[in-house]
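Below: the structure, in structure tokens.
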Amino acid sequence: MALIYSNTKLCDVINNEPSVIPVINRFGIYLGTGDSSIEAVCRNHGLDTEFFLTILNTFINESYFPEETLMSFSAHEIISYLIKTNNYYTKFQLPNIQRHFKLLLSSSDGNNNNLELMLRFFEGLKNDIVKRIDSDTAQWFPAIIAMENGQAPSAPLCLDDESTTIEDKLSDLKNMFIMHLSGQYDLNLCYGVIVAIITLEKDIRQNNRIRNRILLPISRSLLSQFDK
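Positions in the sequence shown are counted from 1; adding 47 to them yields our numbering.
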């Protein structure tokens with residue numbers, strides 16, 4: 048999809064790219080946007096239009112990543128968005144996948160041991176995601192906000208990038224469905240689970256770009272000021 052601008056109608060964006068619905072939800076924007084432009088919608092919701100556009104364009108277009116523009120936003124603004132994203136993972140996306148995964152398993156013919164193994168793999172992956180979110184909430188995000196306000200972090204920070212592990216596991220899970228599914232199973236449920244996994248994979252991949260290429264350098268730069 049082409050880049051979107053402040054005068055683009057939000058309804059056109061949603062029509063062309065329905066996967067943005069959970070992204071705009073994180074900004075407090077829900078369906079029923081009328082034919083308002085993005086600028087008008089942001090004004091009505093008290094949002095920074097430039098930040099909203101940058102996030103949407105980054106999500107929609109994998110080749111688009113305006114590092115200089117993103118670096119111009121405050122760490123607090125970026126963290127606020129990532130917190131909403133993490134909340135969406137834990138409250139909606141992960142429970143939705145797990146619920147439908149279990150329904151898929153219970154509706155299979157009982158001879159599909161692969162499904163049971165795949166569910167276990169997903170539950171391990173879910174734990175990895177939740178563990179990272181817990182670390183964000185308890186350590187990384189508060190430390191960045193504190194450093195941005197001139198306060199030294201209260202505990203040592205681990206700034207290693209481990210996000211590709213989660214991306215790789217999501218890709219592995221998707222490929223397990225494609226290559227190793229066997230036996231009788233509900234086709235509609237199976238399709239729903241695969242689409243949900245692919246959606247989560249894209250969401251996490253796009254947000255990892257913001258985490259790793261923007262927030263991680265910001266946190267390292269802030270931390271270096273206290274190491275002098």
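Each residue gets a CB set at the ideal place from its N, CA and C atoms; glycine is no exception.
Using DSSP bridges, identify the partner residues of LYS56. LYS56 is bridged to SER84.
Closest residue to VAL240 among GLY197, LEU166 and LEU263 (Cα-Cα distance): The shortest CA-to-CA distance from VAL240 to any of GLY197, LEU166 and LEU263 is the one to LEU166.
Proximity of ASN104 and SER84 at Cβ, strictly below 8 Å: For ASN104 and SER84, no; Cβs fall outside 8 Å.
Do you know offhand how far ILE107's Cα is from ILE265's? If you draw a straight line from the Cα of ILE107 to the Cα of ILE265, it is about 24 Å long.
Would ILE248 and LEU217 be called neighbours here (beta carbons separated by less than 8 Å)? Residue identity check: residue 248 is Glu in the sequence provided, not Ile. Their beta carbons are under 8 Å apart, which means GLU248 touches LEU217 by this criterion.
Rounded straight-line distance, which links the Cα of LYS131 to that of ILE192: Cα to Cα, the separation comes out at about 16 Å.
Counting C-beta neighbours from all protein chains within 10 Å, is the total for TYR136 16 or more, i.e. buried, or is it exposed? Residue environment for TYR136: buried (at least 16 other C-beta atoms within 10 angstroms of its C-beta).
Are the Cβ atoms of HIS147 and ALA243 separated by less than 8 Å? Yes, these two residues count as a Cβ contact at 8 Å.
Please give me, in chain order, every unbroken run of the alpha helix (DSSP H) with length at least 4 that falls completely inside the stretch 133 to 177. Those alpha helix (DSSP H) runs which fall completely within the stretch 133 to 177 and span 4+ residues are 141 to 153.
Residue burial classification, ALA185 (beta-carbon count within 10 angstroms, cutoff 16): In the assembly as shown, ALA185 is an exposed residue. Its beta-carbon has fewer than 16 other beta-carbons within 10 Å.
Would you kindly check if the distance between the Cβ of PHE98 and the Cβ of PHE120 is under 8 Å? Yes; because the gap between Cβ atoms is below 8 Å, this pair is in contact.
Between which residues of its own chain and PRO69 is the CB-CB distance below 7 Å, once the five residues before and five after are set aside? The beta carbon of PRO69 is closer than 7 Å to those of TYR135 in its chain, skipping five residues each way along the sequence.
Smallest Cα separation from ASN63: which of ASN72, ARG73 and ILE51? If you compare the alpha carbons of ASN72, ARG73 and ILE51 with that of ASN63, the shortest gap goes to ILE51.
Between the Cα of CYS237 and the Cα atoms of GLY197, ILE251, ARG252 and LEU220, which residue gives the shortest distance? Closest option to CYS237, judged by alpha-carbon separation, among GLY197, ILE251, ARG252 and LEU220: LEU220.
How would you call ASP250, buried or exposed, if buried means at least 16 neighbouring beta carbons within 10 angstroms? With 16 or more Cβ atoms within 10 Å of its Cβ, ASP250 is classed as buried.
Classify LYS138: buried if its beta carbon has 16 or more other beta carbons within 10 angstroms, exposed otherwise. Exposed, since its Cβ has fewer than 16 Cβ neighbours within 10 Å.
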